[in-house]
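Here our numbering is used: the first residue of the sequence shown is 88, the next is one more, and so on.
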Amino acid sequence: MRYKQVLKLTDIQFRRSTGVKRPTFNKMLEILDIAYQEKKSRGGRPSKLKVVEMLLMTLEYLREYRTYFQIGVNYGVSESSAYKHIIWVEDVLIKSKEFRLPGKKALYGDDIEITLIDVTESPIQKPKKKAT
């Protein structure tokens, strides 16, 4: 399994591979394990993937910008299943409030601790050529 290979990496290699430090990864895994147990206590079909694989899949998606199809092929699940797992992991981590960025109100204070820069691409309209 892929997660066994990643977990054997040194701390520096682990950070380069996943984008997070090992203690952060372990904290994410704790939160996800609790949420998964709650989710499955209500019944339902068990997942084909383990929670650690879902987390690695999400980190791969966020770090490498790969498609759900490519990630699904690597983990042996369908494209829609990869999408559902990644969305679930993101939602659980956001709801835990451990991994949230501060809102706009936090920036209004005197002390700015975090500055975010939006580097997304935005389309522009090309100037029209003049007929000569």
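Backbone N, C-alpha and C define an ideal beta-carbon position, used for all residues, glycine too.
CA nearest to the CA of Y170, picked from R187, S183, Y152 and I99:
Comparing Cα-Cα distances from Y170 to each of R187, S183, Y152 and I99, the minimum goes to Y152.
To the nearest angstrom, how far is it from the Cα of D178 to the Cα of L136?
Here the alpha carbons of L136 and D178 stand approximately 17 Å from one another.
Three or more beta-carbon pairs under 8 Å between the segment 120-135 and the segment 157-172, yes or no?
Result yes; three or more Cβ-Cβ pairs closer than 8 Å.
Along the alpha helix (DSSP H) that carries E208, what are the first and last residues, could you check?
From DSSP, E208 is part of no alpha helix (DSSP H); its letter is neither H nor E.
Just mark E140 as buried or exposed, buried being the case when its beta carbon has 16 or more other beta carbons within 10 Å.
Burial call: buried.
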